[in-house]
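*Asks:* The sequence shown begins at 616 in the numbering used here and counts up by one. Using N, Cα and C, we set each Cβ at its ideal position, and we do this for glycine too.
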Amino acid sequence: MPADAGARAKQVNAAPKQKQVTRKPPLAPSPLQPGLREAKLQIVSFDSSAFPYSGVVPDTNKPFLDARNGRLRGHTSLRGDVYWEQPTYSDRRSLLYLPPGFDIQRPSMIVLYLHGQGSMLERDVIARQAVPRQLADSGLNAALVAPQLAVDASDSSAGNFWRPGHFANFIDEASERLMHLLGNPNAGYAFNRAPVVIVAYSGGYVATAYALDRGGAGHRIRGVILMDALYGDEDKFANWIAPRRRQAFLLSAYTDSTKDENANLEGLLDKSRVSYLRGLPPSLAPGTIAFAGCGSDNLHTDFVTRAWRPDPLKHALSLIPGYSVRGRQGV
Numbered sequence: 616m617p618a619d620a621g622a623r624a625k626q627v628n629a630a631p632k633q634k635q636v637t638r639k640p641p642l643a644p645s646p647l648q649p650g651l652r653e654a655k656l657q658i659v660s661f662d663s664s665a666f667p668y669s670g671v672v673p674d675t676n677k678p679f680l681d682a683r684n685g686r687l688r689g690h691t692s693l694r695g696d697v698y699w700e701q702p703t704y705s706d707r708r709s710l711l712y713l714p715p716g717f718d719i720q721r722p723s724m725i726v727l728y729l730h731g732q733g734s735m736l737e738r739d740v741i742a743r744q745a746v747p748r749q750l751a752d753s754g755l756n757a758a759l760v761a762p763q764l765a766v767d768a769s770d771s772s773a774g775n776f777w778r779p780g781h782f783a784n785f786i787d788e789a790s791e792r793l794m795h796l797l798g799n800p801n802a803g804y805a806f807n808r809a810p811v812v813i814v815a816y817s818g819g820y821v822a823t824a825y826a827l828d829r830g831g832a833g834h835r836i837r838g839v840i841l842m843d844a845l846y847g848d849e850d851k852f853a854n855w856i857a858p859r860r861r862q863a864f865l866l867s868a869y870t871d872s873t874k875d876e877n878a879n880l881e882g883l884l885d886k887s888r889v890s891y892l893r894g895l896p897p898s899l900a901p902g903t904i905a906f907a908g909c910g911s912d913n914l915h916t917d918f919v920t921r922a923w924r925p926d927p928l929k930h931a932l933s934l935i936p937g938y939s940v941r942g943r944q945g946v
């Protein structure tokens, strides 16, 4: 209500005249709440986390936890190494991040980052790869969600993301937790409808492939960015993008390490008569499919921070049109 100290003049019993009061003009309607002045970051335990996982390895009858040492249970990786459930496959946490300027009242997205092998959220996703900082610098009006997969292990297992429908459950929970992080109970509807862009680095391709194949939230996924990540499951990526060639985008930037797999995916798209570009596209608008070779596999370890240019993730995210932070048009 407008502030009005003198809406009505008060009658004074002993006075023959009413006291004259100057009426203040009503306050102008308040503008929309501006974007966040400061970033918000939280690492929080999820109910719908990737791990712990006690099911089977897909396309096999082999239990995921196939190794025993007394009461310890572990998993034998494709390389033959045994990683124990504690601590490798028991971390339920996910990183949540809202960049400065994020405005839920503007068109917004959720960027899901799936890390590679040998990674930890604090040490690698935040510090070494600077994923939150690159998102902030991109100018994209997006929230970041990064689940912890296998902890600091040479293993690309997807855990519960192998389960049909689990990806949808994870995104639903992430939307609710982002609402609480923002501190606005009215933001839940917007987060629950926000389109999702998946960014996968290296071994994060497994969780990505199964999210696309059986995750149950295909209607929300508007794009996939592969950062030297296509080490397999080319059929799942082809089957996802082919029927969505006009509604979604796919960018696969790669080194010689995944050159053959990218060629395989191109071949599958050729069979489906799906056109694509070679090289970095001018934008990642819906309908863009591009393969960008970046050279030697020596780039792989630091590909998220130095590939076709410094801060390549920042650049890739800035190419997504229609979701810029107020006053920003990308970098």
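1. CB-CB under 8 Å to A878, same chain, minus the five flanking residues each way: which ones, in chain order?
2. Flag this pair as yes or no: are the beta carbons of K929 and S753 separated by less than 8 Å?
3. Is H834 helix, strand or coil by DSSP?
4. Could you compute how far the alpha carbon of D739 sits from the alpha carbon of V766?
5. Please report the straight-line C-alpha distance between L932 and L680, rounded to a whole angstrom.
6. Whose C-beta lies closer than 8 Å to the C-beta of P800 among residues of the same chain, with five residues either side of it excluded?
7. With a 10 Å radius around its C-beta and 16 neighbouring C-beta atoms as the bar for buried, classify A900 as buried or exposed.
8. In terms of residues, what are the limits of the beta strand (DSSP E) holding W923?
9. Taking the alpha helix (DSSP H) that L797 belongs to, which residues open and close that run?
10. Counting along the chain, where does the beta strand (DSSP E) carrying I741 start and finish?
11. Skipping 5 residues on each side, what residues in its chain have a beta carbon closer than 6 Å to that of R707?
12. Assign Y825 to one of three DSSP states: helix, strand, or coil.
13. Determine the extent of the beta strand (DSSP E) in which Y712 is found, giving its start and end residues.
14. Are there 16 or more other CB atoms within 10 angstroms of the CB of T675, so buried, or fewer, so exposed?
15. Spatial neighbours of Q862 within its chain, please: CB distance less than 7 Å, with the 5 preceding and 5 following residues excluded, ordered by chain position.
16. Using the three-state DSSP reduction, which class does S734 fall into: helix, strand or coil?
17. By DSSP, does N684 sit in helix, in strand, or in coil?
18. With three or more C-beta pairs closer than 8 Å as the rule, is the stretch 725-732 touching the stretch 755-764?
19. Kindly indicate which residue of A857, I813, P762 has the alpha-carbon position closest to the one of R792.
20. Threshold first: 4 residues or longer. Then list the alpha helix (DSSP H) segments lying entirely within the stretch 837-890, N to C.
21. Helix, strand or coil: how does DSSP classify R808 here?
22. Roughly how many angstroms lie between the CA atoms of A745 and T916, to the nearest whole one?
23. Using 8 Å as the threshold, is the C-beta distance between L865 and A907 below it?
24. Under the three-state reduction of DSSP, which class applies to F776: helix, strand or coil?
25. Between S769, P715, M842, L710, which lies nearest to A742 when the distance is taken from Cα to Cα?
26. Would you tell me roughly how many angstroms separate the C-alpha atoms of E881 and R686, rounded to the nearest one?
27. Pick from N807, R924, P779, S771: whose alpha carbon is nearest that of E788?
*Replies:* Put simply:
1. What you label residue 878 is simply residue 263 of the sequence shown in a count that begins at 1. Result list for A878: empty, nothing under 8 Å.
2. Working through the sequence shown from its first residue, we reach residue 929 at position 314. Working through the sequence shown from its first residue, we reach residue 753 at position 138. Yes, the pair counts as a contact, with Cβ atoms nearer than the cut-off.
3. Taking the sequence shown and counting its residues from 1, one reaches residue 834 at position 219. H834: coil per DSSP, three-state reduction.
4. As a working mapping, residue 739 is identified with position 124 in the sequence shown. As a working mapping, residue 766 is identified with position 151 in the sequence shown. Each residue's Cα considered, the two are about 11 Å apart.
5. The residue labelled residue 932 in the question sits at position 317 within the sequence shown. The residue labelled residue 680 in the question sits at position 65 within the sequence shown. Spanning the two alpha carbons is a distance of roughly 37 Å.
6. Start at 1 with the first residue of the sequence shown, and residue 800 comes out as number 185. So the qualifying residues of the chain are M794.
7. Translated into positions along the sequence shown, residue 900 becomes position 285. A900 should be labelled exposed.
8. On the sequence shown, residue 923 is found 308 positions in, with the first residue counted as 1. No beta strand (DSSP E) contains W923, which DSSP labels as neither H nor E.
9. Here residue 797 refers to the residue found at position 182 of the sequence shown. 781-797 is the extent of the alpha helix (DSSP H) around L797.
10. On the sequence shown, position 126 is the one that residue 741 refers to. Premise fails: I741 is in no beta strand (DSSP E) and is neither H nor E.
11. Sequence index remark: in the sequence shown, residue 707 carries index 92 (1-based). Around R707: S660, F661, S664.
12. Taking the sequence shown and counting its residues from 1, the one referred to as residue 825 is at position 210. In the structure shown, Y825 sits in a helix (DSSP, three-state: H, G or I).
13. Translated into the one-based positions of the sequence shown, residue 712 becomes position 97. Counting along the chain, the beta strand (DSSP E) containing Y712 begins and ends at 708-713.
14. Residue mapping note: residue 675 aligns to position 60 of the sequence shown, counting from 1. With fewer than 16 Cβ atoms within 10 Å of its Cβ, T675 is classed as exposed.
15. Residue mapping note: residue 862 aligns to position 247 of the sequence shown, counting from 1. Here the set comprises P901.
16. To locate residue 734, count along the sequence shown from 1; it is residue 119. Three-state result, S734: strand.
17. As a working mapping, residue 684 is identified with position 69 in the sequence shown. Three-state result, N684: strand.
18. yes
19. Taking the first residue of the sequence shown as position 1, residue 792 is located at position 177. Of A857, I813, P762, the residue nearest in Cα terms is P762.
20. 849-856, 874-886
21. Stepping through the sequence shown from its first residue, residue 808 is reached at position 193. Helix, per DSSP.
22. For the purposes of this step, residue 745 is taken as the residue at position 130 of the sequence shown. For the purposes of this step, residue 916 is taken as the residue at position 301 of the sequence shown. When rounded, the distance between both Cα atoms is 14 Å.
23. As a working mapping, residue 865 is identified with position 250 in the sequence shown. As a working mapping, residue 907 is identified with position 292 in the sequence shown. Cβ distance not < 8 Å, so L865 and A907 don't count as in contact.
24. By one-based count along the sequence shown, residue 776 stands at place 161. Reduced to three states, the DSSP call for F776 is helix.
25. Counting from one through the sequence shown, the residue named residue 742 turns up at place 127. Considering only alpha carbons, the answer is L710.
26. Working through the sequence shown from its first residue, we reach residue 881 at position 266. Working through the sequence shown from its first residue, we reach residue 686 at position 71. If you take the alpha carbons of E881 and R686, they lie about 47 Å apart.
27. On the sequence shown, residue 788 is found 173 positions in, with the first residue counted as 1. The shortest Cα separation from E788 among N807, R924, P779, S771 belongs to N807.
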